Amino acid sequence: MDPKIKSVFLDEHAVEGAARFGVSPKELTFIGGFQNFIYSYNRDKLKYILRFTPSTLRTWDGLAAEIEWIRYLSENGLSVSDSVYSVDGKDFERIQGNMIDFYVTSFRHAPGRKIGYPECLGNSILYEQCGRMTGRLHDLAKEYKPTAKRHTWENNEYLLRARNYIPSEQQQILLALDELKSLLASLPVTVDNFGLIHGDINVGNFTVDESGEITLFDFDECQYSWYTEDIAIQLYYLLYVFGEDSKSERKVQYELFIKHFEQGYTEDGRQMPEGWKEQLGLFLRLREIIVFVGIHRSWDLSQPDDWTRDFLQDSRMRITKGISLIDEF
Numbered sequence: 000m001d002p003k004i005k006s007v008f009l010d011e012h013a014v015e016g017a018a019r020f021g022v023s024p025k026e027l028t029f030i031g032g033f034q035n036f037i038y039s040y041n042r043d044k045l046k047y048i049l050r051f052t053p054s055t056l057r058t059w060d061g062l063a064a065e066i067e068w069i070r071y072l073s074e075n076g077l078s079v080s081d082s083v084y085s086v087d088g089k090d091f092e093r094i095q096g097n098m099i100d101f102y103v104t105s106f107r108h109a110p111g112r113k114i115g116y117p118e119c120l121g122n123s124i125l126y127e128q129c130g131r132m133t134g135r136l137h138d139l140a141k142e143y144k145p146t147a148k149r150h151t152w153e154n155n156e157y158l159l160r161a162r163n164y165i166p167s168e169q170q171q172i173l174l175a176l177d178e179l180k181s182l183l184a185s186l187p188v189t190v191d192n193f194g195l196i197h198g199d200i201n202v203g204n205f206t207v208d209e210s211g212e213i214t215l216f217d218f219d220e221c222q223y224s225w226y227t228e229d230i231a232i233q234l235y236y237l238l239y240v241f242g243e244d245s246k247s248e249r250k251v252q253y254e255l256f257i258k259h260f261e262q263g264y265t266e267d268g269r270q271m272p273e274g275w276k277e278q279l280g281l282f283l284r285l286r287e288i289i290v291f292v293g294i295h296r297s298w299d300l301s302q303p304d305d306w307t308r309d310f311l312q313d314s315r316m317r318i319t320k321g322i323s324l325i326d327e328f
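The sequence shown begins at 0 in numbering that gives the first Met the number 0 and counts up one residue at a time.
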């Protein structure tokens, strides 16, 4: 979270936002958030999420499009954390602040549990289920006819604001970003390889129940892009934890994920997106830049720990050389 935004979000905003959804402030439990302020609360023995989104990051139309997309997926059988209405029957509410406003949205808490590190690594059953869920999402996206429209990939907030967060002595990162955007813009766009995606599928944004069913949440980054990006993002977060001295482990992880993810994705006779394997490297590079920008925006790097320091050093090398996590195999 941008420190400037943190400083203007006050307890009174949380109180007013809770009231709009019929929730007492005493029921709220702050659980964090990277771009938003996230709280949980209980009602009728069920758990819910209350999300506060800065108006500097999202527009009214963008939020309306996000909720419409989630509701469409839910109505068509994909297990997602659906939104709930406010007291006045609205999808979301706007809370006025002194400097910026905040949009308040509430969602049903996803059933099951998160599978974090290192449990997610080497988990072939999970990868197959991720492929199955992603394939269903992409199938639904091909049939989707929204009334409100989300932004396209080049208008991703991290890409638009990269110059605000990358230190002046690291301008080569911005040059690499411009080059990568040109490469991506040249990719073919068809109804079978490009549409509305989740935009941030990773183990932090879904839960798994006892039957293995995945419930997907946090559609805050949904955007129009190539379906391959949804695949590359999942792969990125399974590979980036391995340092440069663990390339052999990274390769094993990559091969296991690809094998079982593809099995799940194609289970119902579905085809993988055209050119996806050739494009993976490009979208891994895109995610690396987004993560690099996000770290510089939200983390205190004055005294980074060893992992962060080493990761940023390795990441900077890959970005400036134009290589991805899988190009060195």
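Where a beta carbon is used, it is the ideal one built from N, C-alpha and C, also for glycine.
Small disclaimer: the values here were computed from a predicted structure and weren't measured.
If I follow the unbroken alpha helix (DSSP H) through residue i, where does it start and stop?
| i | result |
| --- | --- |
| Q252 | K246 to Y264 |
| R70 | W59 to E74 |
| F216 | Per DSSP, F216 belongs to no alpha helix (DSSP H) and is neither H nor E. |
| N163 | A161 to Y164 |
| L27 | Where L27 is concerned, there is no enclosing alpha helix (DSSP H), given that its DSSP letter is neither H nor E. |
| L77 | Run containing L77: none; DSSP gives neither H nor E here. |
| K320 | D305 to K320 |
| G293 | W275 to S297 |
| R19 | D10 to R19 |
| K180 | Q170 to A184 |
When the Cα of residue i is compared with those of the options, which residue comes out closest?
| i | options | result |
| --- | --- | --- |
| G21 | E67, L77, T104 and S73 | T104 |
| E287 | K320, F106, I69 and V83 | K320 |
| Q34 | I48, K144, D217 and Q262 | D217 |
| V79 | L300, T58, P110 and E142 | P110 |
| K25 | G31, R19, D87 and V14 | V14 |
| K44 | R107, M98 and I69 | R107 |
| I196 | C221, I172 and S39 | C221 |
| E127 | T55, D10 and G263 | G263 |
| I124 | E327, W306 and E261 | E261 |
| P166 | I322, L300 and D309 | L300 |
| N154 | Y223, Y116 and I213 | Y223 |
| L238 | D326, Q170, F193 and D191 | D326 |
| R269 | T133, P303 and H295 | T133 |
| E74 | S314, E254 and Y143 | Y143 |
| N122 | I257, H295, S314 and L324 | I257 |
| A147 | W306, I322, S85 and T58 | T58 |
| S85 | D10, D309, T151 and L49 | L49 |
Go through its chain and collect everything with a Cβ distance to residue i's Cβ below 8 Å, but skip five positions before and after it.
| i | result |
| --- | --- |
| F241 | E248, R249 and Q252 |
| L62 | T52, D90, F91, Y102 and T104 |
| R70 | D81 and S82 |
| L173 | A161, R162 and I165 |
Which residues in the same chain as residue i place their Cβ atom closer than 7 Å to its Cβ, once the five residues preceding and following it in sequence are excluded?
| i | result |
| --- | --- |
| Y157 | I289, V292 and G293 |
| D100 | S54, R93 and I94 |
| D309 | G242 |
| R112 | T206 and V207 |
Would you mind reading off the limits of the beta strand (DSSP E) that contains residue i?
| i | result |
| --- | --- |
| V207 | F205 to V207 |
| Q222 | Q222 to W225 |
| P53 | L45 to P53 |
| F36 | F36 to R42 |
| E92 | E92 to I94 |
| F241 | Careful: F241 lies outside any beta strand (DSSP E) and carries neither H nor E. |
Using a Cβ-Cβ cut-off of 6 Å (strictly less than) and excluding sequence neighbours within five positions of residue i, which residues of its own chain qualify?
| i | result |
| --- | --- |
| I30 | I37 and S39 |
| I66 | S82 and D90 |
| H330 | As shown, the chain starts at 0 and ends at 328. That puts residue 330 outside it, with no answer to give. |
| F328 | K250 |
Compare the C-beta of residue i with all C-beta atoms of chain B and state if any pair is closer than 9 Å.
| i | result |
| --- | --- |
| V251 | In the displayed structure, chain B is absent; only one protein chain is listed. |
Exercise for the section: Take every Cβ of the region 124-139, pair it with every Cβ of the region 83-91, and state whether three or more of those distances are shorter than 8 Å. Expected result: The region 124-139 vs the region 83-91: no contact.
Exercise for the section: Would you check if the region 228-246 and the region 275-283 touch, i.e. whether three or more CB-CB distances between them fall below 8 Å? Expected result: For the pair of segments examined, the region 275-283 was found to touch the region 228-246: the number of CB pairs separated by less than 8 Å reaches three.
Handout entry: Cβ pair count under 8 Å reaching 3, the region 163-183 against the region 239-249
Key = With the cut-off at 8 Å, the region 163-183 and the region 239-249 do not touch.
Exercise for the section: Report yes or no: do the region 268-276 and the region 187-203 share at least 3 C-beta pairs separated by less than 8 Å? Expected result: Taking 8 Å as the limit for Cβ pairs, the verdict is that the region 187-203 does touch the region 268-276.
Problem - Touching by the beta-carbon criterion (3+ pairs, under 8 Å), the region 160-179 and the region 195-215 - result: Fewer than three Cβ pairs drawn from the region 160-179 and the region 195-215 lie within less than 8 Å of each other, which leaves the two stretches out of contact.
Exercise for the section: With a floor of 3 residues, list each beta strand (DSSP E) that falls wholly inside the region 99-129, ordered by position along the chain. Expected result: For the region 99-129, whole beta strand (DSSP E) runs of length 3 or above, ordered along the chain, are 101-107.
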